[in-house]
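Here full-length UniProt numbering is used: the first residue of the sequence shown is 1, the next is one more, and so on. Contents: one structure, followed by commentary.
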Amino acid sequence: GGGSMSGVDGGYPNERVMWHGTGDTDPLDILKHEMALDYRFSKGGLWEKSPAGFYGRGLYLAKRACYSDGNNQKRYAFEYPDKSRSILLVRVALGKFKNFQSAIDRTLVMPPRDDSTGLLYDSVVGGPHRPDQRGRGNRDSKICVVYDLCQTYPEYIVTYSPLPSINV
């Protein structure tokens, strides 16, 4: 916690810039909230109603924007009435992360313990996965999950219109 990214992993925040889709919630509404990015707003964060994602209940971010847009089976971008979409560009402090690669663990509510130190990792990384299923394929991306909201800072709302020839 603590509110300062410099506190992650002993002062080594391992900052990245990644993408986040807000689903059915307008990103402007999310950013008006004092907690800003809060996985309790997301489909995977509604504790009793939605199944957990690949790495449990946390805030999911993708290396590639196309993953955060989604596909026919799973849409992560917020869609406006004119069919334009928005996703967030987020600065995230990954700190020391556990790399799951292609494995998944839907039971996580915090990062797992690092057996070499006895301390919890700061985040988890996995993939590449596709928006609707694990593993490589169309619109795949490496993804990261943080469980402490203080590790994220939304920087931009990016609004775009999908190309007519790309109907996914």
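No residue lacks a Cβ here, since even glycine has one placed at the ideal position from N, Cα and C. Here the structure is a predicted model, which means the values were calculated and not measured.
*Apart from the five residues just before and just after Asp105, which ones in its own chain have a Cβ nearer than 7 Å to its Cβ?*
Cβ neighbours of Asp105 beyond the five flanking positions: Tyr55 and Gly56.
*Using a Cβ-Cβ cut-off of 8 Å (strictly less than) and excluding sequence neighbours within five positions of Pro112, which residues of its own chain qualify?*
Lys98, Asp105, Leu120, Tyr121 and Val124
*Would you give the residue range spanned by the beta strand (DSSP E) that Ile143 belongs to?*
Ser141 to Val146
*Which first and last residues belong to the alpha helix (DSSP H) in which Ser68 is found?*
Ala65 to Asp69
*What's the gap between the Cα of Ala93 and the Cα of Lys83?*
32 Å
*Provide the residue(s) that pair with Gln101 in DSSP beta bridges, ordered along the chain.*
Gly126
*Any idea which residues DSSP pairs Tyr60 with across the strands?*
Val145
*Taking the beta strand (DSSP E) that Leu89 falls in, what are its first and last residues?*
Arg85 to Ala93
_With H, G and I counted as helix, E and B as strand and the rest as coil, what does DSSP make of Pro154?_
strand
*If you follow the beta strand (DSSP E) that Arg16 is part of, which residue opens it and which one closes it?*
DSSP places Arg16 in the uninterrupted beta strand (DSSP E) bounded by Glu15 to His20.
*asked:* I need the straight-line Cα distance from Tyr156 to His20, nearest angstrom please.
replied: 10 Å
*Based on the DSSP output, what are the partners of Gly137 in its beta bridges?*
The secondary-structure analysis by DSSP pairs Gly137 with nothing; it has no beta-bridge partner.
*In angstroms, rounded to a whole number, what distance separates the CA positions of Thr117 and Leu31?*
36 Å
*What three-state label does DSSP hand Leu28 in the structure shown?*
helix
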